[in-house]
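Trainee: The structure under discussion is supplied below as C-alpha cells; questions concerning it will follow.
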Amino acid sequence: MPKLRNKIALLYRYLIIATKRLTDKQLMILLAIVVGLAAGFATFVFERALMFFRFVLTSWFDIDTASVFYLFYPVIGIIIATLFVKYVVRDNISEGVTRVLYAMSKKGSRIKPHNCYSSIVASSATIGFGGSVGPEAPIVLTGAAVGSNIARFMRLNYKNITLLLSCGAAAALSAVFKAPITGVVFVLEILMLDITVASIIPLLISAVTATTLMFFLNGFDPVFNLNILHSFELEHLPYYIVLGLICGLMSYYFTQINSKIGQLFARIKSMYRRWIAGGLIIGVLIFLFPPLYGEGYESLADLMHGNVDALFNNSMFFQYRGIGWVVMLYLIATLFFKVVAMSATNGAGGVGGSFAPSLFVGAFTGATMVYGLNYFFGLELPIIPFTLVGMAGVMSGVMNAPLTSIFLIAELTNGYALFVPLMLVAALSFALDYYLEPYSIYTKKLSQSGELLTHNKDRSVLVFLDLPALMETDFYKISMNTTLGDVVNLISTVHRNIFPVVSKDGTLLGIVQLDDLRADMFSPEKYGTTIDRYMIAPPDLIYQNEQIGSVLDAFEDSKAWMLPVVTTDKKYLGFISKSRILAAYREQLRAISEEYPIGKQTNPIRPPYGNATRTGPDLN
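Sequential numbering from 2 applies to the sequence shown in the numbering used here.
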C-alpha cells in the first residue's frame with residue numbers, strides 16, 4: 002500500500018507538471034474529456050454485462066411456454082447484490098440519483114471511490130437475473146463518482162468538483178441512450194444548482210465524448226430503432242390531451258406506490274425475510290407477466306413496433322394472445338404491476354433505478370390507451386406515436402423533468418416529428434403530478450429531511466449550513482437557586498448578556514437577560530433574591546436536528562436574534578444567533594457561486610470540502 006501511494010503521488014506530480022501551462026478553463030475541458038471517456042467506457046461494460054446475463058439465462062427459453070426459472074432468477078440476483086453490498090462495499094449504494102443529490106448537498110460533492118464500480122456490479126446482478134429495475138440510476142451514480150474522484154485527485158475546489166461530478170452524470174446518461182442533449186438537459190434540470198456558460202461547455206464536451214465512444218464501441222443504432230411513419234396530426238390533439246392527464250395520474254401512482262412499498266420493506270429488519278418477501282413478489286409477477294423481467298427494453302421495442310403478440314412470449318397466457326379483451330387486461334396488469342415489481346426489487350435489496358421503469362409504464366400507458374380506443378371504438382390511432390409520447394409523459398411526472406423527457410424521446414427517434422405532442426403531454430403530466438405531489442421520486446426523501454438542493458439558490462444555500470457548526474456554547478449556565486448577587490459577581494468574568502437556567506439533569510427551564518437585571522444590579526439589599534424572579538421563557542426553542550431553513554422561520558416568527566438550542570427532551574445545548582446564520586450564509590453563497598481559480602477556495606462555514614490546494618492526491 003505505501004508503494005502504491007508513492008506511485009500515485011508521483012503520477013500526480015507528473016500531471017501537475019504536464020498541465021501547469023494550461024489555463025483553468027483549458028484544464029477543465031481536458032478533465033471533461035477524461036471524465037466522458039471513463040463514464041462512457043463504464044457504461045459500455047455495464048451494458049455488455051447485462052447482455053451476457055440475459056443471453057445465458059433466458060435465450061434458450063421456449064416462447065410458447067411459461068418458464069419456472071422466472072420464479073427463482075430474481076431472488077438469486079437480489080441475494081448476490083445484497084451480499085456484495087453488505088460484505089464487499091459496506092455502504093449504501095441504492096437510489097443512485099438520490100445519492101448523487103445527497104453528496105452534492107451534504108458531502109461537498111464527494112462520492113466514495115468504490116462507487117466507480119460497485120453500482121455496476123450490484124446492478125448487473127440485480128437486473129441481469131431479472132430484477133425489474135432500470136440501469137440508468139446506477140450508471141449515473143457511477144459516472145458522477147468518476148467525475149467526483151477525478152476532481153478530488155486533482156485537488157479542485159467545491160465548485161469544480163460539482164462540475165466534474167455533473168459532467169460524469171451527463172456523460173453516463175448520454176452513453177446509455179446515445180443521446181448527448183438528454184444527458185446535458187438531465188443534469189441542468191435535476192442536478193446542477195448554478196448554471197453558467199463556463200459550466201455548460203464542459204458538460205457538452207463530456208456528453209459528446211461519451212456518446213462518441215459508444216458510437217465507436219456499439220455502433221450508431223439508437224436504443225430503439227424506430228421509423229415513425231405517423232407524425233403529429235391535428236385531429237389527434239384531443240387524444241394527446243387525455244393521454245397527458247392519464248400520464249399525470251400514472252406518475253402520481255408510480256411515486257406513491259414506490260414510497261409505500263419501500264416503507265413496508267423498511268419495516269422488515271431481517272435480510273432473509275426481505276429476500277423471501279421480495280423474491281416471492283417479483284418471481285410470481287415475472288412468471289405471470291414476463292415483460293416485467295429486467296429493465297424491459299425488449300418489451301418496449303416490441304410494443305413500439307406494434308408487435309403486441311411478442312409480449313406474450315414465455316407467458317402462461319401465450320395461447321390467448323389473439324383475444325382482444327385478454328390483450329387489454331394483460332397490458333393493464335403489466336402496466337400497474339411494473340411499479341410493484343420495481344419497488345419490491347429495490348426493497349428486497351436489489352440495486353437499480355426508476356428511470357427505465359418510468360419509461361416502461363409510460364409506454365404501456367400510451368399503448369394501452371390506443372389499443373383500447375381502437376378495439377372498443379373502432380378508431381385507427383397509430384400505436385407508435387402514442388407509445389413514445391406516453392413514455393415522455395410518465396417520465397416527466399415521475400422525475401419532475403419535462404425537458405429531459407421531451408429531448409430523450411426526440412433523440413431516441415432521430416427526429417422532432419412528435420415535438421408538439423411531446424411538449425403538450427409532458428407539460429400536462431408534469432403539472433398534474435406536481436399539483437398532487439410537488440417532489441419527484443428522487444427528491445422526496447431529501448426534501449423531507451431538508452437536504453435537497455434546488456434551483457432556488459437563495460434557499461439551497463441553507464442546505465449547506467449545519468446547526469451544530471453554527472451553535473454557540475460559551476454561555477454560563479445557572480440554576481434556579483442562583484441569586485442576583487451571584488450573577489452580579491459573574492458579570493465581570495463573562496462576556497454574554499444571556500444566562501440559560503437549567504435543572505440538575507440539564508433541562509432548560511428559562512433564560513435570564515442582563516437587561517432585565519439592570520434595575521436591581523446596584524441594590525445590594527436585593528442580592529439575596531433568587532434568579533427565578535427575573536427568569537423568562539425563551540421566545541422559541543430550536544431543536545438540535547432542525548434544518549437552518551426552519552431555524553430562520555423561527556427567528557422570523559419570534560422576532561428574536563438569539564434562541565436556545567435543545568434536544569428533543571428539552572436538554573440545553575447552546576444558543577444560535579440570527580447574525581451568525583446570516584454571516585455563514587453570505588460566506589457559503591460566495592463559496593458556491595464565485596468562479597474561483599482551480600485549486601483556490603474560501604473556507605465555507607460547513608467544512609465538507611477538505612483541503613483545496615493542489616498538493617497531492619486525495620486517497621481518503
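Glycine included, C-beta positions come from ideal geometry on N, C-alpha and C.
Under a Cβ-count criterion, where at least 16 other Cβ atoms within 10 Å of its own Cβ denotes burial, should R111 be classed as buried or exposed?
Mentor: To locate residue 111, count along the sequence shown from 1; it is residue 110. R111 comes out buried.
Trainee: Using only CA atoms, which one of G307, T444, A138, R153 lies nearest to E296?
Mentor: Residue 296 sits at position 295 when you count from the first residue of the sequence shown. Here the closest residue by C-alpha is A138.
Trainee: Nearest to I410 by alpha carbon, out of G354, A364, L235?
Mentor: To locate residue 410, count along the sequence shown from 1; it is residue 409. Selected option, being the one with the closest Cα: A364.
Trainee: Taking the alpha carbon of G622 as the reference point, which residue from D475, L164, S271, K560 has its own alpha carbon closest?
Mentor: Missing from the structure shown is residue 622; the chain here goes from 2 to 621 and no further.
Trainee: Starting from I537, follow its DSSP beta bridges and name the residues at the other end.
Mentor: For the purposes of this step, residue 537 is taken as the residue at position 536 of the sequence shown. Answer is I512.
Trainee: For the alpha helix (DSSP H) that G263 lies in, which residues bound it at each end?
Mentor: Locating residue 263 in the sequence shown gives position 262, counting from the first residue. 238 to 267 is the span of the alpha helix (DSSP H), which, as asked, contains G263.
Trainee: Note down, in chain order, each residue of its chain lying with its Cβ closer than 6 Å to the Cβ of Y15, except the 5 sequence neighbours on either side.
Mentor: Here residue 15 is taken as the residue at index 14 of the sequence shown, counted from 1. Taken in chain order, the list of residues that qualify is empty.
Trainee: By DSSP, does T603 sit in helix, in strand, or in coil?
Mentor: Here residue 603 corresponds to residue number 602 of the sequence shown, with the count starting at 1. Low per-residue confidence applies at T603: pLDDT is 40, beneath 50, and the placement is therefore not dependable, though the value from the model is reported in the following sentence. Of the three classes helix, strand and coil, the one that applies to T603 here is coil, per DSSP.
Trainee: Could you check if V69 is buried or exposed, using at least 16 other CB atoms within 10 Å of its CB as the buried criterion?
Mentor: Stepping through the sequence shown from its first residue, residue 69 is reached at position 68. The residue in question, V69, is exposed, as its Cβ has fewer than 16 Cβ neighbours within 10 Å.
Trainee: Given a threshold of 16 other Cβ atoms within 10 Å of its Cβ, counted over all protein chains shown, does Y573 qualify as buried or as exposed?
Mentor: Indexing the sequence shown from 1 puts residue 573 at position 572. Result: buried.
Trainee: Between S504 and L542, what straight-line distance do the alpha-carbon atoms span, to the nearest angstrom?
Mentor: As a first step, residue 504 is located in the sequence shown; it is residue number 503 there, counting from the start. As a first step, residue 542 is located in the sequence shown; it is residue number 541 there, counting from the start. Each residue's alpha carbon lies about 17 Å from the other.
Trainee: What residues in its chain sit with their C-beta under 6 Å from that of A538, if we drop five residues either side in the sequence?
Mentor: In the sequence shown, the residue the question calls residue 538 occupies position 537. Contacts found: G511.
Trainee: Could you pull out every unbroken alpha helix (DSSP H) segment of at least 4 residues lying fully inside the segment 127 to 205, listed in chain order?
Mentor: Entirely contained in the segment 127 to 205, the alpha helix (DSSP H) runs reaching 4 residues are, in chain order, 137 to 154, 159 to 178, 181 to 187.
Trainee: Per DSSP, V502 forms a beta bridge with which residues?
Mentor: For this step, residue 502 is matched to residue 501 along the sequence shown. DSSP lists I479, G511 as partners of V502.
Trainee: Can you tell me which of the three DSSP states M329 falls into?
Mentor: What you label residue 329 is simply residue 328 of the sequence shown in a count that begins at 1. Note: M329 maps to helix in three-state DSSP.
Trainee: Considering only the alpha carbon of each residue, which of G169, N161, A172, F225 lies closest to T197?
Mentor: Taking the first residue of the sequence shown as 1, we reach residue 197 at position 196. It is N161.
Trainee: Check each candidate in G398, F408, E236, V90 and name the one with the smallest Cα separation from S119.
Mentor: For the purposes of this step, residue 119 is taken as the residue at position 118 of the sequence shown. Residue V90 is the option with its Cα nearest to S119.
Trainee: Check whether the segment 274 to 289 touches the segment 423 to 439, counting contact only when three or more Cβ pairs, one atom from each stretch, lie closer than 8 Å.
Mentor: Output reads no: the segment 423 to 439 does not touch the segment 274 to 289.
Trainee: Does the Cβ-Cβ distance between G144 and A173 come in under 8 Å?
Mentor: Position 143 of the sequence shown, counting from 1, holds the residue named residue 144. Position 172 of the sequence shown, counting from 1, holds the residue named residue 173. Contact flag set, yes.
Trainee: For the beta strand (DSSP E) containing S1, list its first residue and its last residue.
Mentor: Outside the shown range of the chain (2 to 621) lies residue 1, about which nothing can therefore be said.
Trainee: Would you check if the segment 390 to 401 and the segment 241 to 251 touch, i.e. whether three or more CB-CB distances between them fall below 8 Å?
Mentor: At 8 Å Cβ cutoff, the stretches touch.
Trainee: Can you grab the Cα-Cα spacing for the pair P75 / V341, in whole Å?
Mentor: Along the sequence shown, read from residue 1 onward, the residue named residue 75 stands at position 74. Along the sequence shown, read from residue 1 onward, the residue named residue 341 stands at position 340. Roughly 14 Å between the two C-alpha positions.
Trainee: Is the number of C-beta pairs between the segment 325 to 334 and the segment 362 to 382 that are closer than 8 Å three or more?
Mentor: Contact holds: three or more Cβ-Cβ distances are below 8 Å.
Trainee: Which partner residues of F576 appear in the DSSP bridge assignment?
Mentor: As a first step, residue 576 must be located in the sequence shown, where it is residue number 575. Note: F576 sits in a beta bridge opposite E473, P565.
Trainee: Can you check which of these residues, A126, L235, S149, is closest to K113 by C-alpha distance?
Mentor: By one-based count along the sequence shown, residue 113 stands at place 112. Taking only the C-alpha atoms, the option nearest K113 is S149.
Trainee: Using the beta-carbon count (16 or more within 10 Å), is I479 buried or exposed?
Mentor: Within the sequence shown, numbered from 1, the residue matching residue 479 stands at position 478. Result: buried.
Trainee: Buried or exposed for A146, going by 16 or more other Cβ atoms inside 10 Å?
Mentor: Locating residue 146 in the sequence shown gives position 145, counting from the first residue. Counting Cβ neighbours within 10 Å, A146 comes out buried, since at least 16 surround it.
Trainee: Going by beta-carbon coordinates alone, are I1 and G135 separated by less than 8 Å?
Mentor: With the chain covering only 2 through 621, there is no way to say anything about residue 1.
Trainee: At the level of alpha carbons, what is the spacing between L38 and I324?
Mentor: Working through the sequence shown from its first residue, we reach residue 38 at position 37. Working through the sequence shown from its first residue, we reach residue 324 at position 323. So the alpha carbons of these two residues sit roughly 49 Å apart.
Trainee: Please report the straight-line C-alpha distance between P181 and A393, rounded to a whole angstrom.
Mentor: On the sequence shown, position 180 is the one that residue 181 refers to. On the sequence shown, position 392 is the one that residue 393 refers to. Looking at the two C-alpha atoms, the distance is approximately 17 Å.
Trainee: Have a look at the DSSP bridge pairing and note the partners of G354.
Mentor: Numbered from its first residue, the sequence shown carries residue 354 at position 353. Answer is G135, bridged to G354.
Trainee: Under the rule that 16 or more other beta-carbon atoms within 10 Å means buried, what is M29, buried or exposed?
Mentor: For the purposes of this step, residue 29 is taken as residue 28 along the sequence shown, with counting starting at 1. M29 comes out buried.
Trainee: What's the C-alpha gap between S124 and K108?
Mentor: Translated into positions along the sequence shown, residue 124 becomes position 123. Translated into positions along the sequence shown, residue 108 becomes position 107. Answer to the nearest angstrom: the Cα atoms are 24 Å apart.
Trainee: Give the single residue among I492, A152, A432 whose Cα lies nearest to the Cα of I242.
Mentor: Start at 1 with the first residue of the sequence shown, and residue 242 comes out as number 241. The shortest C-alpha separation from I242 is found at A432.
Trainee: What's the gap between the Cα of T24 and the Cα of L31?
Mentor: Looking up residue 24 in the sequence shown gives position 23. Looking up residue 31 in the sequence shown gives position 30. The alpha-carbon atoms of T24 and L31 are separated by roughly 11 Å.
Trainee: Thinking C-alpha only, which one of L204, F85, P565 is nearest P469?
Mentor: The sequence position of residue 469 within the sequence shown is 468, counting from 1. Considering only alpha carbons, the answer is P565.
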